[in-house]
Amino acid sequence: MKVKKSEDEWKRSLTPEQYRVLRKGETEPPFTGELLHNKGEGVYKCAGCGNPLFLPSDKFDSGSGWPSFRDAIEGSIEYIRDTSYGMDRVEVRCSRCGGHLGHVFDDGPPPKGKRYCINSAAMVFEKK
């Protein structure tokens, strides 16, 4: 079920940083996100709507400064071509609320070779 809120509702339900990332498509500075070094057991969920996005077993240290994942939970992500800033890349958004999460690149580890580069501010971690 899709989550739809007015901009005022989003502003009231998110922190300022979450709002800037999820609703305005901004990026948090590298190496600053609270989930970058998280190694807990549980599930990474969208900070906007609680949609399960990533599993800890798919997380790896890419050295990029943002949490990186090999794969997303099936059906949790929407893919959008992003040609901003003179680049050609793929933006990933939450399939439930449309919140900006980050980007996916083709330079990840085997077997799929994907690196989901995700803003910590776009997620919450629910411990097992």
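First residue of the sequence shown? That's 1 in the UniProt record's numbering, and the numbers climb one at a time after it. Using N, Cα and C, we set each Cβ at its ideal position, and we do this for glycine too.
Euclidean distance between Cα positions of residue i and residue j
| i | j | result |
| --- | --- | --- |
| N51 | V3 | 10 Å |
| residue 134 | E126 | Residue 134 cannot be examined here, being either before or after the span of the chain that is shown, 1 to 128. |
| S6 | R20 | 15 Å |
| L53 | G99 | 12 Å |
| E78 | C97 | 10 Å |
| P111 | A72 | 14 Å |
| residue 171 | Y85 | The structure shown has nothing for residue 171, since the chain only spans 1 to 128. |
| G108 | S64 | 11 Å |
| N38 | T83 | 31 Å |
| V124 | G42 | 11 Å |
Which listed residue (the options) has its alpha carbon closest to that of residue i
| i | options | result |
| --- | --- | --- |
| H103 | M87, K39, K45 | M87 |
| L36 | G25, D61, F54, C46 | D61 |
| P56 | G48, S68, A47, C49 | S68 |
| residue 132 | G25, E9, R12 | Given a span of 1 to 128 for the chain in the structure shown, any question on residue 132 remains unanswerable. |
| M1 | G75, V92, V90, R89 | G75 |
Rounded distance between the beta-carbons of residue j and residue i, thought under 8 Å
| i | j | result |
| --- | --- | --- |
| K114 | R70 | 6 Å |
| C49 | C117 | Between C117 and C49 the Cβ distance is about 21 Å, and since that is not below 8 Å, they are no contact. |
Helix, strand or coil at residue i [DSSP, three-state]
| i | result |
| --- | --- |
| G50 | coil |
| residue 166 | With the chain covering only 1 through 128, there is no way to say anything about residue 166. |
| G42 | strand |
| R23 | coil |
Sub-9 Å separation of residue i and residue j beta-carbons
| i | j | result |
| --- | --- | --- |
| G40 | S120 | no |
Cβ-heavy atom distance, residue i to the ligand FMN, below 8 Å
| i | result |
| --- | --- |
| R20 | No copy of the ligand FMN appears in this structure; indeed no ligand is present at all. |
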